[in-house]
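Asks: Residue numbers (our numbering): 13 to 296.
All residues carry an ideal CB built from backbone N, CA and C; glycine is no exception.
Just so we're clear, the structure is a prediction, and the values are computed from it rather than from any experiment.
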């Protein structure tokens, strides 16, 4: 696994990179809640071993009914679950952007990660969506903590309002029970690794753009769910372990980047933010 920027120097970097290539698990397709398996053609390089791939975390759902999304029944290990929101279209669109905008050796197809199988250590950057509805377990929390303390990076996205924040926080504290969660300041290196990102405005989901914002019933007031927050959990040395996209839907901004009905300003910010997060994860 890629651990930190210092390990990417000289022969150490080459040996670690060689190990990363050697132990990467095979690519596997899954059906998603929005796209059936095979409905999006596989890119030609889907089996290539690369420096980086879009690593998406699978996780169990949080219950049978939360009042907003219907729960997807069945074993989450086989897809058709909340972790597959925007999947795989968002993953592949963003991967294409990373290929164009950086010199990182990128595979065009995503990689699904199961913490229980120890997959995460092959990948320096891990992403999860809909974490305001996850049913994260104590064992998964332990495994995530180990992955992050060894140098991994975790981005969470697409959850809104006080209720979903509480669900997310309950889960992430299984990994870091005493962590301080705070807003990322404007001068943090993560906002300046490739692009200098100033204003970080709210990124809406595509349905909210096309049909107007529909407020979930569980929101507690007129301002609940409004206003983007870009937060993080830091380690004792000031490195970001968990980057938190709260009250924004970065995944939709990636997913619909090629659709003229989705405003370009939102996809532009999502791409720049994601690229910065990746380069930060691979160099810090």
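Where does residue 263 fall in DSSP's three states?
Replies: In the structure shown, residue 263 sits in a helix (DSSP, three-state: H, G or I).
Asks: May I have the straight-line CA-CA distance separating residue 243 from residue 123, to the nearest angstrom?
Replies: Those two C-alpha atoms are separated by around 25 angstroms.
Asks: Alpha carbon to alpha carbon, how far is residue 283 from residue 292?
Replies: Approximately 14 angstroms between the Cα atoms of the pair.
Asks: Tell me the residue span of the beta strand (DSSP E) that contains residue 166.
Replies: 166-171 is the span of the beta strand (DSSP E), which, as asked, contains residue 166.
Asks: Apart from the five residues just before and just after residue 278, which ones in its own chain have a Cβ nearer than 6 angstroms to its Cβ?
Replies: Hits under 6 angstroms: 215, 265.
Asks: Pick out whichever of 213, 101, 56 has its Cα sitting closest to the Cα of residue 271.
Replies: Cα-wise, what sits closest to residue 271 is 101.
Asks: In the segment 81-120, which residue ranges form an unbroken alpha helix (DSSP H) of at least 4 residues, counting only runs that do not cross its ends?
Replies: As far as the segment 81-120 is concerned, its whole alpha helix (DSSP H) runs of at least 4 residues are 101-113.
Asks: Measure from the alpha carbon of residue 50 to the alpha carbon of each residue in 58, 41, 176, 201, then state which is nearest.
Replies: Nearest option by C-alpha distance: 41.
Asks: Tell me whether residue 215 sits in a helix, a strand or coil according to DSSP, three-state version.
Replies: Three-state DSSP puts residue 215 in coil, outside helix and strand.
Asks: Which whole-angstrom value is the C-beta distance of residue 148 and residue 92, which I expect to be below 8 angstroms?
Replies: Their Cβ separation, rounded to whole angstroms, is 19 angstroms, which puts residue 148 and residue 92 out of contact at 8 angstroms.
Asks: Is the CB-CB distance between residue 138 and residue 253 below 8 angstroms?
Replies: No; because the gap between Cβ atoms is not below 8 angstroms, this pair is not in contact.
Asks: For residue 262 and residue 239, which I take to be in contact (beta-carbon distance under 8 angstroms), what is that distance rounded to the nearest angstrom?
Replies: The Cβ separation is near 15 angstroms, so there is no contact.
Asks: Within 10 Å of its beta-carbon, does residue 164 have 16 or more other beta-carbons around it, so buried, or fewer, so exposed?
Replies: Per the 10 Å Cβ criterion, buried.
Asks: At the level of alpha carbons, what is the spacing between residue 196 and residue 178?
Replies: Whole-angstrom Cα-Cα distance: 19 angstroms.
Asks: Note down the Cα distance separating residue 228 from residue 241, rounded to an integer number of angstroms.
Replies: Reliability fails at residue 228, whose pLDDT of 46 lies under 50, so the model's placement of it is uncertain and the value that follows must be treated cautiously. When rounded, the distance between both Cα atoms is 19 angstroms.
Asks: In chain order, what residues of the same chain lie with their CB nearer than 6 angstroms to the CB of residue 257, ignoring the 5 residues before and after it?
Replies: Closer than 6 angstroms at Cβ, skipping near neighbours: 169.
Asks: Report the three-state DSSP secondary structure of residue 204 (helix, strand or coil).
Replies: Reduced to three states, the DSSP call for residue 204 is coil.
Asks: Answer with buried or exposed for residue 65, where buried requires no fewer than 16 other C-beta atoms within 10 angstroms of its C-beta.
Replies: Buried.
Asks: Pull up the distance between the alpha-carbon of residue 103 and that of residue 249, whole angstroms please.
Replies: Between residue 103 and residue 249, the C-alpha separation is close to 30 angstroms.
Asks: Would you give the residue range spanned by the beta strand (DSSP E) that residue 257 belongs to?
Replies: Counting along the chain, the beta strand (DSSP E) containing residue 257 begins and ends at 252-258.
Asks: Which residue comes first and which comes last in the beta strand (DSSP E) that contains residue 138?
Replies: 138-141 is the extent of the beta strand (DSSP E) around residue 138.
Asks: Would you report the Cα separation of residue 129 and residue 175, rounded to the nearest angstrom?
Replies: Cα to Cα, residue 129 sits roughly 30 angstroms from residue 175.
Asks: Sorted by chain position, which residues of the same chain lie with C-beta nearer than 6 angstroms to residue 60's C-beta, five sequence neighbours on each side aside?
Replies: Here the set comprises 119.
Asks: Using the C-alpha atoms, what's the distance from residue 131 back to residue 46?
Replies: Taking the straight line joining both Cα atoms gives about 25 angstroms.
Asks: When you compare only the Cα positions, how much space is there between residue 141 and residue 125?
Replies: Cα to Cα, residue 141 sits roughly 13 angstroms from residue 125.
Asks: Please report the residue range of the beta strand (DSSP E) in which residue 244 lies.
Replies: Segment 241-246, the beta strand (DSSP E) holding residue 244.
Asks: Closest to residue 107 by CA distance: which of 63, 246, 259 is it?
Replies: With distances taken between Cα atoms, residue 107 lies closest to 63.
Asks: Tell me the residue span of the beta strand (DSSP E) that contains residue 69.
Replies: Per DSSP, residue 69 belongs to the beta strand (DSSP E) from 67-69.
Asks: Take residue 150 and list the residues in its own chain whose beta-carbon comes closer than 6 angstroms to its own, dropping the five residues that flank it on each side.
Replies: Same-chain partners within the cutoff: 186.
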